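Visitor: Everything in the sequence shown is counted per the numbering used here, starting at -1 for the first residue and increasing by one.
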Amino acid sequence: MLFTARAVSGQCQCFTLFNGSGCQGEITEFIPSCNNNCIQFNSFNSIFTLGSLIHRADCEAFSDSNCQNQIVNTGNHIVGTCANAPGTNSYKCFFDC
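Next up, the structure:
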């Protein structure tokens, strides 16, 4: 599995946005900061989060453009997790914070 190999090697892109549900149709990958930034992005329907062997990853998706109305929280995981997030207009993601 590609995501797991990246985490083990320490070079993971810990979050991946997808245009389809069930983490299908990759749009982009990124590693977030710990600044608690609200990112506006309104064209994804699911998100994959992946921690590393010792660091956890978490992502929250919101229906509005300023991270107020949460529709999904992936949970704080080390293991790769896919979450459907239809109707997302903004998100906050955290890794090793």
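Beta carbons are placed, not taken as given, at the ideal position from N, Cα and C, and that holds for glycine.
Computed from a predicted model, the values in this text were never measured in an experiment.
Buried or exposed, going by whether 16 or more other CB atoms sit within 10 Å of the CB of asparagine 43?
Guide: Position 45 of the sequence shown, counted from the start, is the residue given in the question as residue 43. That one is buried.
Visitor: With glycine 73 and aspartate 56 assumed to form a contact (beta carbons below 8 Å), what rounded beta-carbon distance in angstroms separates them?
Guide: The residue you call residue 73 lines up with position 75 of the sequence shown. The residue you call residue 56 lines up with position 58 of the sequence shown. Between aspartate 56 and glycine 73 the Cβ distance is about 7 Å, and since that is below 8 Å, they are a contact.
Visitor: For glutamate 58, is the classification buried or exposed, using 16 other Cβ atoms within 10 angstroms of its Cβ as the cut-off for buried?
Guide: The residue given as residue 58 occupies position 60 in the sequence shown. It is buried - the Cβ of glutamate 58 has at least 16 other Cβ atoms within 10 Å.
Visitor: What whole-angstrom Cβ distance do isoleucine 45 and leucine 15 have, given they're in contact under 8 Å?
Guide: Here residue 45 is taken as the residue at index 47 of the sequence shown, counted from 1. Here residue 15 is taken as the residue at index 17 of the sequence shown, counted from 1. So it is a contact: roughly 6 Å between Cβ atoms.
Visitor: Check each candidate in Ile52, Thr47, Asp62, Asn64 and name the one with the smallest Cα separation from asparagine 71.
Guide: Counted from its first residue, the sequence shown places residue 71 at position 73. Nearest C-alpha to asparagine 71: Thr47.
Visitor: Can you give me the C-alpha to C-alpha distance between arginine 4 and leucine 51, rounded to a whole angstrom?
Guide: The count along the sequence shown starts at 1 and reaches residue 4 at position 6. The count along the sequence shown starts at 1 and reaches residue 51 at position 53. Residue confidence is low: arginine 4 scores 43 on pLDDT, short of 50, so the model does not pin down where it sits. No coordinate-derived value is stated.
Visitor: Does the beta-carbon distance from asparagine 87 to asparagine 34 come in below 7 Å?
Guide: Locating residue 87 in the sequence shown gives position 89, where the first residue counts as 1. Locating residue 34 in the sequence shown gives position 36, where the first residue counts as 1. Going by C-beta atoms, asparagine 87 is not nearer than 7 Å to asparagine 34.
Visitor: For cysteine 36, which three-state DSSP category applies?
Guide: Along the sequence shown, read from residue 1 onward, the residue named residue 36 stands at position 38. It is coil, neither helix nor strand.
Visitor: Going by the CB atoms, is the gap between isoleucine 69 and serine 61 shorter than 7 Å?
Guide: Your numbering for residue 61 matches position 63 in the sequence shown. Your numbering for residue 69 matches position 71 in the sequence shown. A contact, by the Cβ cut-off of 7 Å.
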